[in-house]
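These notes concern the structure reproduced below.
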Amino acid sequence: MHPSPQDTTHLLDRLSRGDNGALEALFLTYKDSVYETALRFVKIEVYAEEILQDVFLDLWMHRGEAPGIENLPGWLYTVARNRSFKVLRGIARRNIHEGKVKAEAHEREQSGDTDYLLEEAELKGMVAEAKSRLTAAQQTAFYLMRELGLSRDEAAAQMGISPNTAKVHLLHATRAIRAHLIVKGVIVPSVLAAFPLFIYN
Numbered sequence: 001m002h003p004s005p006q007d008t009t010h011l012l013d014r015l016s017r018g019d020n021g022a023l024e025a026l027f028l029t030y031k032d033s034v035y036e037t038a039l040r041f042v043k044i045e046v047y048a049e050e051i052l053q054d055v056f057l058d059l060w061m062h063r064g065e066a067p068g069i070e071n072l073p074g075w076l077y078t079v080a081r082n083r084s085f086k087v088l089r090g091i092a093r094r095n096i097h098e099g100k101v102k103a104e105a106h107e108r109e110q111s112g113d114t115d116y117l118l119e120e121a122e123l124k125g126m127v128a129e130a131k132s133r134l135t136a137a138q139q140t141a142f143y144l145m146r147e148l149g150l151s152r153d154e155a156a157a158q159m160g161i162s163p164n165t166a167k168v169h170l171l172h173a174t175r176a177i178r179a180h181l182i183v184k185g186v187i188v189p190s191v192l193a194a195f196p197l198f199i200y201n
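The UniProt record's numbering puts the first residue of the sequence shown at 1, with every later residue one more than the last.
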């Protein structure tokens, strides 16, 4: 149940003054609708979860303007929709890039390009290093859902935790691996598109 317009106005006013409690209250109230909006567009839970976090990060970063938001559900929907479109554009670009890179990789492999094989080994080593730095729960969630392909509910049952907690562990694991590759100077979208198995093996 959403708060009344008066309650929402009050929460936005508190938010504008940097009140974390107001942000938490708004997040708990609207997180499901924002997540469902994002999932409807992107169709992938991990992406929808990232969009959810980004939407409320945007709200926090623009908290000084919060009292001017007259229709918060509409504002959240618009931001979630725009973030979803941005993700979908990124996926489309990666899919195009994937085809080009795979063709190039096959050609280089067939020609016996040893530099290419070295690049594969180095990249695989970077991902393995990133995975080794995850917490035990993150490693398990990543292994079960990304490597074995279990659903969130199935992974949660094996881990003895709630499905939502399993989802959070997977999200944190994915972000940590991506951040590690960025630090190493790897352009992550290209790597994930061209070498998806490196994440899993």
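All C-beta atoms in this analysis are idealised placements derived from N, C-alpha and C, irrespective of residue type, glycine included. As the structure is a prediction and not an experimental result, all values here were calculated from the model.
Go ahead and pull the three-state DSSP assignment for His62. Here His62 sits in coil by DSSP.
Among Leu88, Glu65, Asp54, Trp60, the one whose alpha carbon lies nearest that of Phe41: Measuring C-alpha to C-alpha distances from Phe41 to each of Leu88, Glu65, Asp54, Trp60 identifies Leu88 as the nearest.
Name the residue from Ala136, Gly18, Leu11 whose alpha carbon lies nearest to the alpha carbon of Tyr30. Just measuring C-alpha positions, the residue of Ala136, Gly18, Leu11 sitting nearest Tyr30 is Leu11.
Suppose you measure from the CA of Leu59 to the CA of Ala66; what does that come to, to the nearest Å? Annotation: Leu59 to Ala66 spans about 8 Å, alpha carbon to alpha carbon.
By Cβ distance, which residues of its chain are closer than 6 Å to residue 206, with the 5 residues on each side in sequence left out? Nothing about residue 206 can be read from this structure; the chain reaches only from 1 to 201.
Are the CB atoms of Ala173 and Pro163 within a distance shorter than 8 Å? Taking the C-beta atoms as reference points, Ala173 is found no nearer than 8 Å to Pro163.
Close beta carbons around Leu72, own chain, < 8 Å, minus the five adjacent residues each side: Thr8, Leu12, Leu26, Tyr30.
Going by DSSP in three states, Arg175 sits in which element: helix, strand or coil? Arg175 carries a helical assignment under DSSP once its states are collapsed to helix, strand and coil.
Cβ-heavy atom distance between Gly68 and the ligand MN below 7 Å? The ligand MN is absent from the structure shown, which contains no ligands of any kind.
Under 8 Å between the Cβ atoms of Ile51 and Arg14? In this structure, Arg14 does not lie closer than 8 Å to Ile51 by Cβ.
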